[in-house]
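Residue numbers (this note's numbering), protein chains in the order written: chain H, 576 to 962; chain D, 576 to 962.
The block underneath contains the structure these notes are about, expressed in structure tokens.
Spelled out as structure tokens, the structure:
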């Protein structure tokens, strides 16, 4: 019995649960029902790539007081048993007649009073990782207990990272930084883009990623048209700008930042736009403070780009980061989430180059009382050239 | 504008939609609402790792007649525009005031009559990839149209693979087969297990995987205790059995099979159990036929193990495979899903060695009229030894 899979000492998880319980008390919740890999890892330390199989639902209940209770498929009992969670109830899944429904109902009813309000994450950035028909059955089975929206209770706690979490994200960022520094080993004129993607993923693994959940990118003359497409087999050409963006994972925590490279010499238009993105990031690193709102980060980045004669790209210009590639809030004009000390965030300004193509630029930070502290190794002002 | 991201010719997707529409007609469904990466890729060819970000919901509607309609965040318009989908409606997500809800309601109401029954996958192996509070809002907004269970309509179509899909899965299997053949390059006595996992993922990429969504495994003396844990940093020891299981992805399609290796000479107990697993697979390859039920595959594998003085492990002994690492049905005593020609399946017998440890063994097949055809390169009867 080792606890390699626990990632952090049990006290880290106990602290998280205490903070969740404080939020639950404030919001009148008698329990939380969690179903996603991120929420369950957050409270338990249960970390496995087995989530990739959609076959089975998994549940963790956080009561108003006391330790969490896991209600999970028996295939996970061994691994969950190595976390700090002591109460683990299992069923043999998948079971087409009753896939954990009655066990979950029984557990909730045994733990919670008749009028209990059970928080389930239902809002933005959430989904329910169980069949919705079974959710409806559980909701009927627990009456008069009821499911209510638990999004805020979870998000207000998870969004403020502990120092242990910040170090985990810093480690993931450093891995990606070392892999980006080795890009000339895998990228250059004539190299097919899909092979560049494969080579970059191999570099991330060599540099210490446990796995690589996300690599996106693009390449094109004078910028790129979109940033979410899979790689084509087309070879890189002189004059292309290559962008790679990665969410590499170490100990369950992500980095999420990108870097741009010029295949051959950098054009004036690209130099101008890249410098504007870089300086807009500098301005925002200098100005961002706890107490601002998410939309203020959008405003700071947008204004800094406009001041430098650059048209901001559409979409959000940054977001939260941690156990998933992206977390709330979103740096858009509409997001009024307060920015708080300890939030880990991305600054992700994008800009249109002429011809409708774009450039993006991304760094990862933790927001401290005095302002941002970089977690990603800062991109150079001058875009690196590849042969 | 290239169509690298389409994966297959448009006719492949049109055929899928025609088959879905035939099932929908049989089941009295006026449309399907799809929200998951797998279902959306299946009908559209929209393939991106951007799903890793939980920030935004995505929707594709399959009407009773005519082409699918996409209702998606604007960041995906460029990529979706390169698929065969012609009608693409977008909003700027994430929007905390209305994250696609009114656009989806408007689209469904414009497409469908007042009394329309809209199928949503709600059953086993499904989840709804959108906030459940927004789902409730959409359900209210489309009344008197209603959401009903669309699981069977989707699963009865997706479970029978086209020849193009079978070739895609065969390609993924061949990639993993080549990587497994190179295991001595990355594994042996003294190598830390987590480094073996990293090295194996790099081999999969070198051999042509676009990305590696799943690697699990374990190592221990005379077998292993569970098969879903992350890798520990403990070095491999002489006498360990090392098992690695991978879902490597090429063009959006998975393989899912494992291989065992002995660090040093194989013990008699391990040789006996491994041979039983291997022969149980042979027996089932010889006996499995369309028209049997999923539970018959469980029975065939279990009986073959018992006949060889081996105790079958708990849990399911195989499952579907394709766009996700695992698909329905499940080879358990309770699953009565009919096995049909064209299904791609895993045969995954597991057995207990003495001392409570286990061995697992997995192959991937396509079920033909005359029986299974292997897609994974057949494992050797004798477990390979590592130095």
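Where is the CB? At the ideal position from N, CA and C, for every residue including glycine.
Just so we're clear, the structure is a prediction, and the values are computed from it rather than from any experiment.
Proximal residues of chain H, C-beta to C-beta of residue i below 7 Å
i, result
"residue 698 of chain D", "706, 708"
"residue 887 of chain D", "By Cβ distance, chain H contributes nothing, its closest Cβ being about 13 Å from residue 887 of chain D, past 7 Å."
"residue 650 of chain D", "803, 890"
"residue 724 of chain D", "708"
From the options, residue whose alpha carbon lies closest to that of residue i
i, options, result
"residue 659 of chain D", "D:587, D:630, D:681, D:727", "D:587"
"residue 882 of chain H", "H:809, H:926, H:723", "H:926"
"residue 760 of chain H", "H:656, H:745, H:776, H:747", "H:776"
"residue 692 of chain H", "H:603, H:807, H:597", "H:603"
"residue 793 of chain H", "H:823, H:932, H:719", "H:932"
"residue 806 of chain H", "D:789, D:827, D:809", "D:827"
"residue 599 of chain D", "D:638, D:625, D:584", "D:638"
"residue 626 of chain H", "D:833, D:753, D:804, D:924", "D:804"
"residue 695 of chain H", "H:919, H:757, H:710", "H:710"
"residue 636 of chain D", "D:754, D:614, D:668", "D:614"
"residue 924 of chain H", "H:849, H:865, H:943, H:752", "H:849"
"residue 811 of chain D", "D:833, D:831, D:771", "D:771"
"residue 621 of chain D", "D:889, D:836, D:680, D:647", "D:647"
"residue 936 of chain H", "H:853, H:944, H:928", "H:853"
Contact with chain D by residue i, beta-carbon distance below 7 Å
i, result
"residue 931 of chain H", "no"
"residue 921 of chain H", "no"
"residue 812 of chain H", "no"
"residue 947 of chain H", "no"
"residue 770 of chain H", "no"
"residue 766 of chain H", "no"
"residue 926 of chain H", "no"
"residue 821 of chain H", "no"
"residue 576 of chain H", "Reliability of the predicted coordinates at residue 576 of chain H is poor, the pLDDT of 35 falling under 50, and the value obtained from them is presented with this limitation in mind. So no, residue 576 of chain H is outside the interface."
"residue 658 of chain H", "no"
"residue 773 of chain H", "yes"
"residue 746 of chain H", "no"
N- and C-terminal bounds of the beta strand (DSSP E) containing residue i
i, result
"residue 724 of chain H", "721 to 724"
"residue 634 of chain D", "634 to 638"
"residue 788 of chain D", "786 to 796"
"residue 894 of chain D", "893 to 895"
"residue 655 of chain H", "Here residue 655 of chain H belongs to no beta strand (DSSP E); instead the alpha helix (DSSP H) covers 652 to 655."
"residue 947 of chain H", "946 to 949"
"residue 833 of chain D", "832 to 838"
"residue 752 of chain D", "First-last for residue 752 of chain D: 738 to 756, but that is the alpha helix (DSSP H), not the beta strand (DSSP E)."
"residue 662 of chain D", "662 to 666"
"residue 694 of chain H", "692 to 695"
Contacts of residue i in chain H (Cβ-Cβ under 8 Å)
i, result
"residue 617 of chain D", "Ordered by position in chain H, no residue passes the 8 Å Cβ test against residue 617 of chain D, which lies about 14 Å from the chain."
"residue 910 of chain D", "669, 671"
Residues that residue i contacts on chain H, provided the C-beta gap is smaller than 9 Å
i, result
"residue 832 of chain D", "Simply none; closest approach about 14 Å."
Chain H within 7 Å of residue i, Cβ atoms only
i, result
"residue 654 of chain D", "yes"
"residue 727 of chain D", "no"
"residue 782 of chain D", "no"
"residue 797 of chain D", "no"
"residue 721 of chain D", "no"
"residue 716 of chain D", "no"
"residue 625 of chain D", "yes"
"residue 777 of chain D", "yes"
"residue 905 of chain D", "yes"
Any non-hydrogen atom of the ligand GDP within 6 Å of residue i CB
i, result
"residue 823 of chain D", "With respect to small molecules bound, the structure shown includes none, and the ligand GDP cannot be examined in it."
Amino acids of chain D, ordered along the chain, whose beta-carbon sits closer than 8 Å to that of residue i
i, result
"residue 682 of chain H", "Neighbours of residue 682 of chain H on chain D: none; closest Cβ ~20 Å, over 8 Å."
"residue 790 of chain H", "624, 786"
"residue 701 of chain H", "629, 706, 707"
Contacts that residue i makes with chain D (C-beta to C-beta distance below 9 Å)
i, result
"residue 872 of chain H", "Under the 9 Å cutoff, chain D gives no residues; its nearest Cβ is about 14 Å from residue 872 of chain H."
"residue 893 of chain H", "Within 9 Å Cβ-Cβ: nothing; residue 893 of chain H doesn't reach chain D, min ~12 Å."
Residue range of the unbroken alpha helix (DSSP H) whose run includes residue i
i, result
"residue 716 of chain H", "707 to 716"
"residue 803 of chain H", "Unbroken run through residue 803 of chain H: none, as it is neither H nor E."
"residue 819 of chain H", "Note, residue 819 of chain H: premise wrong, no alpha helix (DSSP H); beta strand (DSSP E) at 815 to 825."
"residue 859 of chain H", "843 to 862"
"residue 581 of chain H", "No alpha helix (DSSP H) holds residue 581 of chain H; DSSP gives it neither H nor E."
"residue 647 of chain H", "Element bounds for residue 647 of chain H: not the alpha helix (DSSP H) but the beta strand (DSSP E), 644 to 648."
- Query: Can at least three beta-carbon pairs, one atom from the segment 723 to 738 of chain H and one from the segment 724 to 739 of chain D, be found at a separation below 8 Å?
  - Reply: no
- Decide yes or no for the touch test of the segment 788 to 807 of chain H against the segment 937 to 952 of chain H: beta carbon pairs closer than 8 Å, at least 3 of them. no
- Query: Does the pairing of the segment 892 to 909 of chain H with the segment 621 to 633 of chain D give three or more beta-carbon distances under 8 Å?
  - Reply: yes
- Query: On the three-pair Cβ rule with 8 Å, is the segment 882 to 892 of chain H touching the segment 806 to 819 of chain H?
  - Reply: no
- Query: For the segment 700 to 719 of chain H against the segment 660 to 670 of chain H, are there 3 or more C-beta pairs whose distance is under 8 Å?
  - Reply: no
- Query: For the segment 907 to 915 of chain D against the segment 863 to 871 of chain D, are there 3 or more C-beta pairs whose distance is under 8 Å?
  - Reply: yes
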